[in-house]
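Chemist:
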Amino acid sequence: MNIETLSNTLNQNNKHRSNIMTIIFKELKDIDTHAIQELFHSVDWKSGDFPEDLRQAINNSHTVITAWDGTKLVGLINALSDGVMTVYFHYMLVHKEYQSLGIGKRMMEQMLSRYSNIKTKVLISYDSAEKFYGLFGFKPEEGTKAMFISDMV
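Note that numbering that gives the first Met the number 0 has the sequence shown beginning at 0, numbered continuously upward.
1) According to DSSP, is residue 74 helix, strand or coil?
2) Please check the pair residue 26 and residue 62, which I expect to be a contact at CB under 8 Å, by giving their CB distance rounded to whole angstroms.
3) Look at the alpha carbon of residue 150 and the alpha carbon of residue 43, and state the distance between them as a whole number of angstroms.
4) State buried or exposed for residue 103, treating a residue as buried only when at least 16 other CB atoms are found within 10 Å of its CB.
5) Please state whether DSSP places residue 89 in a helix, a strand or coil.
6) Provide the residue span of the alpha helix (DSSP H) that contains residue 130, from first to last.
7) Report the rounded CA-to-CA distance for residue 31 versus residue 54, giving the unit in angstroms.
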């Protein structure tokens, strides 16, 4: 298990917690179902309504990096990969109360480092997150469109 820490000073908008916190990053797939559900619901993702399926999906991922504030799951990113040509970052989320603290940036940096030898890195972004992913070199590919068959889209 790879563990890295990030200490951050919270801004004045987060007065309900102490001013200093330590976020622990772990490469970890075995996560409590309730913790997963709470994280996904914190950002209003419908997939949070299927915690057992989410837990299985996370366990079946190629790599999962999580962020923890004590025992609270506050961030998660997963990768699906063939290990050679392509890696797809499917879930990338930070708990609503912990956004804009550098947690997502650190998780994405760790994933990009881990998959630096992979030729194609793919993700699907909401419009509101496109600028964030652009900081890492992601950009829309001309002439392509994400397409889905899904009960949740």
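Glycine is no exception: its CB is placed at the ideal position from the N, C-alpha and C atoms. Being a predicted model, the structure only gives us computed values, none of them experimental.
Modeler: Let's see:
1) strand
2) 7 Å
3) 16 Å
4) buried
5) strand
6) 129-133
7) 8 Å
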